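Heads up: the structure comes next, in structure tokens.
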Amino acid sequence: MEKNKNSNVSRRSFLRDGLFGGALAGLGALGGLVLKETKAANTVWQIDPYVCVACGNCATYCVLEESAVKCVHAFAMCGYCDLCSGFLEPEPRELDSGAENELCPAGAIQRRFVEDPFYEYTIDESLCNGCGKCVKGCNAFGNGSLFLQVRHDRCLNCNECSIAAACPSGAFKRVPADKPYILKEVKHE
Amino acid sequence: MRQLRSIVIFLVLPLIVTTYSFGVERFPPPDFESGYEMPVTTVPSPRQNFYEYIDLGVLIAAIGVASYLALRRRSRRGLFVLTVFSLLYFGFWRKGCICPIGAIQNITMSIFDSSYAAPLFVLGFFLVPLISTLFFGRTFCAAVCPLGAVQDLVLVRPVSVPQWLERSLRFLAYVYLGAAVLFAATGSAFIICRYDPFVSIFRLSGNFYILVLAGCFLLAGMFIGRPYCRFLCPYGVILRQLSRISRFRVSITPDECIHCRLCEDACPFGAIKKPMVEWPAESYSKNKRLLGILIVALPVFVLAGGWLGGSVKHIAAKMHWRVRLAERIYLEDMDQVEGTTDASDAFRATGEDVNELYSEASAIRQKLGVGGWIVGGFLGFVTGLKLVGLSIRKNREDYEADAGQCLSCGRCFSYCPREHARLERIRQKSSK
Numbered sequence: 000m001e002k003n004k005n006s007n008v009s010r011r012s013f014l015r016d017g018l019f020g021g022a023l024a025g026l027g028a029l030g031g032l033v034l035k036e037t038k039a040a041n042t043v044w045q046i047d048p049y050v051c052v053a054c055g056n057c058a059t060y061c062v063l064e065e066s067a068v069k070c071v072h073a074f075a076m077c078g079y080c081d082l083c084s085g086f087l088e089p090e091p092r093e094l095d096s097g098a099e100n101e102l103c104p105a106g107a108i109q110r111r112f113v114e115d116p117f118y119e120y121t122i123d124e125s126l127c128n129g130c131g132k133c134v135k136g137c138n139a140f141g142n143g144s145l146f147l148q149v150r151h152d153r154c155l156n157c158n159e160c161s162i163a164a165a166c167p168s169g170a171f172k173r174v175p176a177d178k179p180y181i182l183k184e185v186k187h188e
Numbered sequence: 002m003r004q005l006r007s008i009v010i011f012l013v014l015p016l017i018v019t020t021y022s023f024g025v026e027r028f029p030p031p032d033f034e035s036g037y038e039m040p041v042t043t044v045p046s047p048r049q050n051f052y053e054y055i056d057l058g059v060l061i062a063a064i065g066v067a068s069y070l071a072l073r074r075r076s077r078r079g080l081f082v083l084t085v086f087s088l089l090y091f092g093f094w095r096k097g098c099i100c101p102i103g104a105i106q107n108i109t110m111s112i113f114d115s116s117y118a119a120p121l122f123v124l125g126f127f128l129v130p131l132i133s134t135l136f137f138g139r140t141f142c143a144a145v146c147p148l149g150a151v152q153d154l155v156l157v158r159p160v161s162v163p164q165w166l167e168r169s170l171r172f173l174a175y176v177y178l179g180a181a182v183l184f185a186a187t188g189s190a191f192i193i194c195r196y197d198p199f200v201s202i203f204r205l206s207g208n209f210y211i212l213v214l215a216g217c218f219l220l221a222g223m224f225i226g227r228p229y230c231r232f233l234c235p236y237g238v239i240l241r242q243l244s245r246i247s248r249f250r251v252s253i254t255p256d257e258c259i260h261c262r263l264c265e266d267a268c269p270f271g272a273i274k275k276p277m278v279e280w281p282a283e284s285y286s287k288n289k290r291l292l293g294i295l296i297v298a299l300p301v302f303v304l305a306g307g308w309l310g311g312s313v314k315h316i317a318a319k320m321h322w323r324v325r326l327a328e329r330i331y332l333e334d335m336d337q338v339e340g341t342t343d344a345s346d347a348f349r350a351t352g353e354d355v356n357e358l359y360s361e362a363s364a365i366r367q368k369l370g371v372g373g374w375i376v377g378g379f380l381g382f383v384t385g386l387k388l389v390g391l392s393i394r395k396n397r398e399d400y401e402a403d404a405g406q407c408l409s410c411g412r413c414f415s416y417c418p419r420e421h422a423r424l425e426r427i428r429q430k431s432s433k
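Chains as they are written, first to last, in the numbering used here: chain A, 0 to 188; chain B, 2 to 433.
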């Protein structure tokens with residue numbers, strides 16, 4: 000009887016040891032399998048400006064109260080137009096910075112006179128809400144120097160970006176953290 | 002000059018611009034004569050990479066401390082303090098991302114999608130709690146997981162859930178895990194993240210419906226101990242199995258059970274199992290027959306589950322944006338809907354071939370069909386095993402914490418008179 004009980008216990012402990020070892024080996028194998036695919040650096044979210052259609056989802060779908068997506072300006076591409084289709088309403092009354100003439104709902108674009116007939120446009124990121132109205136305007140009639148980017152000083156880098164899930168054109172990408180921006184560039188040599 | 006430019010823009014451009022474009026150089030960049038210097042586009046850098054490894058270090062340390070507190074010190078108070086710390090660090094400070102639960106999807110995607118490679122620390126976040134559970138039981142759940150922590154802290158008046166309901170609801174977690182793996186493997190969505198109710202609390206902002214869901218979970222969590230952990234957590238499914246075969250585990254009593262029944266209702270998560278004796282003879286033979294039938298019927302469960310899983314592919318495929326887009330484009334082309342959406346406009350602007358999109362969508366559907374079969378088969382298998390488990394009776398002599406369900410929270414310690422005797426011994430020793 001006593002002997003019988005002992006063998007029962009050892010069988011059970013053998014089974015348990017086997018399962019334990021099996022589970023450990025399984026986890027090790029899974030780790031090894033994935034390890035081949037891993038990278039040391041993190042990935043972050045970014046918008047491909049050449050795919051983005053400036054639909055406006057960036058302004059509303061971010062988990063942050065104020066979106067991590069902002070408009071940025073590739074100055075080297077800008078035509079410095081007086082009649083800027085990214086800054087002004089389609090048919091502005093005056094070519095000036097009056098609120099009734101501005102396209103930006105937040106008044107985040109600052110217009111500064113450089114020299115005749117050129118004006119410089121800079122984005123005040125503390126005001127920009129990432130709606131992309133200016134981007135649409137600039138793409139439609141201008142050089143396309145205004146575009147949307149995820150600003151990494153604000154982005155929480157969610158595992159699944161809420162804006163990416165709502166993006167109609169698939170412009171959101173995971174990019175390596177050491178190259179976190181996809182900036183538009185000048186095409187001419 | 003200035004006026005001429007305006008006239009050109011007003012009159013000519015609208016005629017030229019017919020399609021949406023991503024910027025053509027319509028106006029050459031000016032040559033400035035006033036010595037104007039062009040500003041540079043700023044690029045604020047993301048969070049430093051080594052911080053992620055610090056997070057991983059904190060995770061390992063926290064699990065270590067939790068295991069020590071639960072298994073050796075047997076200190077509920079210590080675990081409570083650690084719970085608060087984890088909630089503050091992983092929850093409110095790190096805003097809940099990345100967490101081991103969500104890492105399931107990154108790991109899955111890195112296996113199935115060759116273009117995606119999970120960062121190394123994500124692999125760490127995924128594996129460390131699993132390995133620690135294999136050794137020490139679910140101490141990660143006890144005091145490290147921020148999702149568990151927020152629920153643990155709102156639990157004020159636990160009500161016990163009937164066994165049959167508890168067992169049935171637990172099945173939801175398997176479905177959730179299966180769906181999460183399926184959608185991550187096909188690159189459709191990260192549903193664990195998308196429908197996570199607690200991350201919005203950590204961030205104090207979020208989608209309205211998710212906030213409502215979070216409110217519901219917290220409200221329910223005041224009375225039902227940790228509803229997400231017990232009935233939904235997909236990571237918990239894996240942890241439960243590993244905890245069942247773990248090396249060491251939390252026990253209610255520090256030495257021996259004296260069958261005083263004081264701990265019977267101590268566990269708010271219904272994880273304390275009463276002693277059980279063998280079935281009576283007639284019910285034994287009845288259950289033996291039932292067990293035989295169930296084991297024979299196991300393949301039927303697998304096939305039924307697989308068929309069910311495979312047949313929802315058309316609904317499941319809607320989670321993938323390319324499939325949604327293809328369906329929308331099809332409806333538009335067939336004149337079955339009016340107007341266009343942002344997505345269909347964007348697609349048409351790219352000038353891609355519609356048929357390529359259709360074939361891409363049907364490939365995704367096919368993948369989901371195969372994946373659905375596998376996941377459904379797995380769920381059928383689990384259902385079968387659960388039924389088998391019902392007709393097996395394990396002899397249990399003492400009051401024990403269930404190996405799988407016990408979250409190692411340590412609430413039961415103080416209910417045990419042997420624990421008080423132990424603490425008394427320690428007090429006497431230290432006062433000597």
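From the three backbone atoms N, C-alpha and C, an ideal C-beta is built for every residue, glycine too.
Fair warning: this is a prediction, and the values are worked out from it, not measured in the lab.
Chain A contact for residue i (CB, 9 angstroms cutoff)
{"i": "A181(B)", "result": "no"}
{"i": "L128(B)", "result": "yes"}
{"i": "L214(B)", "result": "no"}
{"i": "D334(B)", "result": "no"}
{"i": "F249(B)", "result": "no"}
{"i": "K430(B)", "result": "no"}
{"i": "G92(B)", "result": "no"}
{"i": "V41(B)", "result": "yes"}
{"i": "K275(B)", "result": "no"}
{"i": "F1(B)", "result": "Absent from the model: residue 1(B). The displayed extent of chain B is 2 to 433, so no value can be given."}
{"i": "Q152(B)", "result": "no"}
Beta carbon proximity, residue i to chain B, threshold 9 angstroms
{"i": "A40(A)", "result": "yes"}
{"i": "G131(A)", "result": "no"}
{"i": "C77(A)", "result": "yes"}
{"i": "G169(A)", "result": "yes"}
{"i": "L18(A)", "result": "yes"}
{"i": "N100(A)", "result": "no"}
{"i": "G30(A)", "result": "yes"}
{"i": "G97(A)", "result": "no"}
{"i": "C127(A)", "result": "no"}
{"i": "R92(A)", "result": "no"}
{"i": "V43(A)", "result": "yes"}
Closer than 8 angstroms: residue i CB and nearest the ligand NAD heavy atom
{"i": "F302(B)", "result": "With respect to the ligand NAD, the structure shown offers nothing to examine, as it has no ligands at all."}
Neighbourhood of residue i by C-beta, 6 angstroms cutoff - its chain only, sequence neighbours within 5 removed
{"i": "A305(B)", "result": "G381"}
{"i": "A53(A)", "result": "G131, V134 and K135"}
{"i": "L154(B)", "result": "none"}
{"i": "A272(B)", "result": "A402, D403, Q406 and C407"}
{"i": "E124(A)", "result": "K69"}
{"i": "S432(B)", "result": "none"}
Burial state of residue i (16 or more Cβ within 10 Å)
{"i": "M2(B)", "result": "Low per-residue confidence applies at M2(B): pLDDT is 47, beneath 50, and the placement is therefore not dependable, though the value from the model is reported in the following sentence. Exposed, by the Cβ-count rule."}
{"i": "C417(B)", "result": "buried"}
{"i": "W165(B)", "result": "exposed"}
{"i": "Y435(B)", "result": "This structure cannot settle anything about residue 435(B), because the visible part of chain B is limited to 2 through 433."}
{"i": "I10(B)", "result": "With a pLDDT of 49 at I10(B), under the threshold of 50, the modelled position of that residue is not reliable, and no figure is offered here."}
{"i": "F140(A)", "result": "buried"}
{"i": "W94(B)", "result": "exposed"}
{"i": "S115(B)", "result": "exposed"}
{"i": "R426(B)", "result": "exposed"}
{"i": "G385(B)", "result": "buried"}
For residue i, the first and last residue of its enclosing alpha helix (DSSP H)
{"i": "T140(B)", "result": "T140 to A144"}
{"i": "L240(B)", "result": "P235 to R245"}
{"i": "H421(B)", "result": "P418 to S432"}
{"i": "T134(B)", "result": "L121 to F137"}
{"i": "V151(B)", "result": "P147 to V155"}
{"i": "R231(B)", "result": "P228 to F232"}
Opening and closing residue of the beta strand (DSSP E) in which residue i lies
{"i": "V175(A)", "result": "In the sequence as presented, Val is not what sits at residue 175(A); that position holds Pro. Its beta strand (DSSP E) spans residues F171 to P175."}
{"i": "K368(B)", "result": "Where K368(B) is concerned, there is no enclosing beta strand (DSSP E), although the alpha helix (DSSP H) it sits in stretches over V355 to L391."}
{"i": "K69(A)", "result": "V68 to H72"}
{"i": "V43(A)", "result": "T42 to I46"}
8 angstroms CB neighbourhood of residue i in its chain, flanking five on each side removed
{"i": "D334(B)", "result": "V355"}
{"i": "R323(B)", "result": "L358, E361, A362 and I365"}
Close-in-space but distant-in-sequence residues of the same chain around residue i (CB under 7 angstroms, 5 per side omitted)
{"i": "Y117(B)", "result": "M110 and S111"}
For this session: Take every Cβ of the stretch 371-386 of chain B, pair it with every Cβ of the stretch 308-323 of chain B, and state whether three or more of those distances are shorter than 8 angstroms.
Result: Contact between the stretch 371-386 of chain B and the stretch 308-323 of chain B is present, because at least three Cβ pairs lie under 8 angstroms.
For this session: Report yes or no: do three or more beta-carbon pairs, one from the stretch 240-258 of chain B and one from the stretch 396-407 of chain B, lie closer than 8 angstroms?
Result: They touch, by the three-pair rule.
Exercise. Three or more beta-carbon pairs under 8 angstroms between the stretch 119-131 of chain A and the stretch 76-88 of chain A, yes or no?
Worked result: Yes, since at least three Cβ pairs between the stretch 119-131 of chain A and the stretch 76-88 of chain A fall closer than 8 angstroms, the two stretches touch.
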